[in-house]
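Numbering (our numbering), first residue to last: 1212 to 2440. Glycine included, every Cβ here is placed at the ideal spot set by N, Cα and C. None of the values given here were measured: they were computed from a predicted structure. Here the structure is laid out as structure tokens; the discussion comes afterwards.
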């Protein structure tokens, strides 16, 4: 998925009409609708008859399963089989498939039950002028249905009418679709609402609907109703046949009831079925998301390929050596009576494939099953983490893609939305500008004054409210005294401006009034509540009501407002909706009292101000200039601004425009172009024509408070070495202020600003990027890669003999330049940068710790994520957001995290992980992600290690047998080796082991940096483990062969099965003992599984010794014979100590001279516990010297005064004071 797809923004999400023809649905002829699918839904994958073939087909699409199936087949070929023609690997493969099948059946059974419940629900369908009960599964396209209050919508319906309600309005809840709990209004088409009051009226409807093809866009619908209405016979002709005229009506999304929503606060409705079953929008949305592959999976594929090449090399060497051995010994040792190879090529191929079967376990059969088991358990622990449970909304963390658990520990870039992600998305009206006068004095919480920038970092934990703010913290706005005074007794001209300003706020919106009865009676204070899809609109309407401009009721064609005690009704003539492309909304209304048509508009200043007419008088010029200055000031305070404008429209002009607009809406071609938001179309042109020559009325300023813990979380993530990109649609001044308030920006950070104000053209943008990059090169040293920087900092410059004498230069984890940079860029410059100089743009961004992208669209958000993915090879990106506009970047990033907030569940449904608060992200990454990555890396390396250990031991022995491929291991033991004898201990380690406690990681975020640098799994580490396995296997085999040589009863060599039993036993003991050096700490399960694996082998050997059918006659009484031999008890401990001693030496040397951050922290904890045996000042001084390199330091005295969450009082600790005791106890907790 490349950046060009997002950067161009020319690809529509709409289905192509050439590939997906439009639907023609008859209102009166059911035969024409018979070819459409039924309403029966099926989300399950399998049936009893299709389960086995489908499951096997899916299973053997995996290369590993195919590999072991081929091995099982080859084992049946007697000429190359080493299992007497029996498929010995088949039981193990079937066991693995059985586990997979169990998971598949369990998941699919849940789908079966859910489908049965959905299909068996009942609703009322029209039959012969009456409604009868029918199951959902039996509903067809073209049916008329009746729904009652709280009924769920069974299919996608066109709202025909609302019986008993003249306005034709109904209320629905769409929580199942988009997660939004607020009610939404649905309006019946005016043409059908007036003529369909009874069931017989529905039967008399004639016409057809031209509708879009099925798609998953729940906020969009394209369709045209062609309604036939009878006309009187013409008097000029003798033809008395009834004639009809056809009226075309555009069907808006507000007239559609989607399956999954439910009817609320409405007695009943009549609906017409448009789409059923799998063709409904909710079912179209139930498609598998794009699969993502973690970096660990990529590494595994590479290492599996290396193992395959190693297997081929060993088999080639062995087959060639065996052929040479035969040719040599046939002539030189005739007493062996060896037949000469009849065909050298056949002999070589036979030996080659024989060795393939002998050494096939180079490819670990248990790797993928073990990883799946561990990831499943890790996902449970994430979901069960009470520290990420949000009690106010009863929301736990949700793992939607457990295959990416380890990827959480390798994140290098975070792309975050602002509204609803960093902020609460709970808007509060704070200030406004009306007629060039600014009103409102309440200072936004967490706001940083422009004069304070660069002097301090705001601290969210120490917010202080003014007395006035404390009193009004529970209300959205405190009525400004000056505004009330001007409204009541100010100049008449200003009174009119204020009246017009709040009238626009009270009329131009999509808010719904909620009351006990949802009627016009709800006019008394305290009985009216507002429900809105947008928190901004709810805040504006509430603020208008506070000043006496109370919105109280709306119908399909009118809206009623109570203005300072007087009720005024406005007819709604046209509603020009808000979209992310238009960034504004308008309503054409006619006031009933004076019959004047107004166009009320509100939106982003960048979308509204270009449409404002040029002022003529000096007063208008001054008013506009002051309003623009106020908008800029509001933005610098971190407030969200909207511009308010209006104009009067002559009736004749509006009538002409409305005809053109309705004709455009009735055209399916123009509607499809409009929905793409990229192609020129008549609908956009009509909107632009109407929204021209506006009059600027004023501006609003709304505060969106930061979520709890966001500043601390961002500081922790940045200190963990993660680059943070904040992507927002707000102005650059607003974004910068939020950056300071949230601790993204701080003292000493130089801002590189590239906006359209300074770079109006593509050439200017490219030049500014090059100049900024040049200045960075001059001011800063050459850029060192993150991996090289940290690894160099981990190298010791001194050698010590004891951890008690650690020099200050021994380790340096916080490599920081003297000056840190932050990039601020807006959407227009992002467009130019992506098109003209993406490489230089990324290079500049990589030199910045923080990037603020302002005024960016959803497509640009995804393009920026794709840019970093493609241009920064080592990057691992995470995108986090809460709204539908964040879905593209969430799907584009390596990991997508959804916030279950105020904007529904669309971001959550598209994500890989879901949390309720941004602050939980630190724990998700630093605690769970870091631990999961390290554990899974150990699991992969260990499983590869133990398989090479086993197969190499077998291979080494064959060199004693003329490279003939003679087996020495019990086949039963070989098959159980991966499944039972060495599997449980490593799974227990990968689930429970951790190096340092959770709260320590959160206080010392530098510990996270090992993940992005791939320090736990890389080519060097992989090579080290492979070499360990080779060396240990060779040592075990050679020492055992030498030890038991001439130890037979008569001084002869022992039998090969006796030798194989000793070697295999030592391999099992060594493989399990190896885990002792991998554990950070032991839980109760670890020693049980370690000892239990060895005991299980002893039990297997005992049973095999007693049952010849499992082992053959050569293994009879083998265990008793082995135990009775004295050489075994002498050689076994020696071999184990020999092969593991170097592991201890390497580990000790690494911790001593090249410690990781985790090693230092563990050493500090250990030494602190031993303080009673050492002089306390010495311990604290040496340990603090080392911890000082991990713990982030404030950059200046002014910054030091800030209560930084990760800053420790090092001077007090080094003196052995109370702070040292506190830190020691904290780390020991």
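- Pairwise C-beta distances place the region 2344-2354 in contact with the region 2280-2288, as three or more of them are shorter than 8 Å.
- Considering only 2047, 1483 and 1284, the residue with the shortest C-alpha distance to residue 1237 is 1483.
- Of the candidates 2149, 2346, 2159 and 1244, 2149 places its Cα closest to the Cα of residue 2196.
- Selection 1754, 1742, 1700 and 1747 evaluated against residue 1712 yields 1754 as nearest (Cα-Cα).
- If you keep only unbroken alpha helix (DSSP H) runs of at least 4 residues inside the region 2180-2238, you get 2182-2187, 2195-2203 and 2209-2214.
- Rounded to whole angstroms, the gap between the alpha carbons of residue 2121 and residue 2101 is 7 Å.
- Non-local C-beta neighbours of residue 1946 in its own chain, meaning closer than 6 Å and more than five positions away in sequence, comprise 1939, 2063 and 2065, ordered along the chain.
- Assignment of residue 2077 by DSSP, reduced to helix, strand and coil, places it in the helix class.
- Distance from the CA atom of residue 2219 to the CA atom of residue 1620, rounded to whole angstroms, is 7 Å.
- Taking residue 1696 as reference, the option from 1715, 1740, 1651 and 1714 with the minimal CA-CA separation is 1651.
- Straight-line measurement puts the Cα of residue 2180 at about 5 Å from the Cα of residue 2271.
- Following the DSSP letters along the chain, one finds residue 2037 inside the beta strand (DSSP E) bounded by residues 2031-2037.
- Cβ-Cβ separation between residue 1397 and residue 1466: approximately 7 Å, consistent with a contact (criterion under 8 Å).
- Going by DSSP, residue 1322 is part of the alpha helix (DSSP H) stretching over 1301-1331.
- Under the three-state reduction of DSSP output, residue 1417 falls in the strand class.
- Contact between the region 1965-1978 and the region 2041-2058 is present: three or more C-beta pairs spanning the two stretches fall below 8 Å.
- Counting C-beta pairs closer than 8 Å gives three or more between the region 2140-2148 and the region 2219-2233, which meets the contact rule.
- The DSSP-derived three-state label of residue 1892 is coil.
- Per DSSP, reduced to three states, the secondary structure at residue 1709 is helical.
- By the criterion of at least three beta-carbon pairs nearer than 8 Å, the region 1905-1912 is in contact with the region 1856-1869.
- The region 1915-1926 makes no contact with the region 1857-1876, as fewer than three CB pairs between them are under 8 Å.
- Under a 10 Å Cβ-count criterion, residue 1898 is classified as buried, with 16 or more other Cβ atoms of the shown protein chains found around its own Cβ.
- Assignment of residue 1427 by DSSP, reduced to helix, strand and coil, places it in the coil class.
- Excluding the 5 residues flanking it on each side, residue 2256 has same chain C-beta neighbours closer than 7 Å at 2264, in chain order.
- In the structure shown, the three-state DSSP call for residue 1805 is coil.
- Looking from the CA of residue 2178, the closest CA among 2194, 2237, 2268 and 2199 belongs to 2268.
- 9 Å or more divides the Cβ of residue 1799 from the Cβ of residue 1815.
- Sequence-distant partners of residue 1359 (beyond 5 residues in either direction) whose C-beta falls short of 6 Å from its own C-beta, in its chain, are 1479.
- For residue 2157, the CB contacts under 7 Å within the same chain, skipping 5 residues up- and downstream, are 2193 and 2282 in chain order.
- Taking residue 2086 as the centre and dropping the five residues before and after it, the same chain places the C-beta of 1623, 1624, 2079 and 2080 closer than 7 Å to its C-beta, in chain order.
- Taking the CA atoms as reference points, residue 2357 sits about 41 Å from residue 2125.
- By the Cβ criterion, the region 1553-1565 is in contact with the region 1521-1538, since at least three pairs of Cβ atoms, one from each stretch, lie closer than 8 Å.
- When the five nearest sequence neighbours on each side are left out, the beta carbons in the same chain lying within less than 7 Å of the beta carbon of residue 1477 are those of 1360, 1373, 1381 and 1382, in order along the chain.
- Between residue 1972 and residue 2035, the C-beta gap is not smaller than 9 Å, which leaves the two residues out of contact.
- The bridge partners DSSP lists for residue 1513 come to none.
- Cβ-Cβ distances below 7 Å link residue 1838 to 1644, 1647, 1907, 1909 and 1910 in the same chain, with the five nearest sequence neighbours on each side left out; the list follows chain order.
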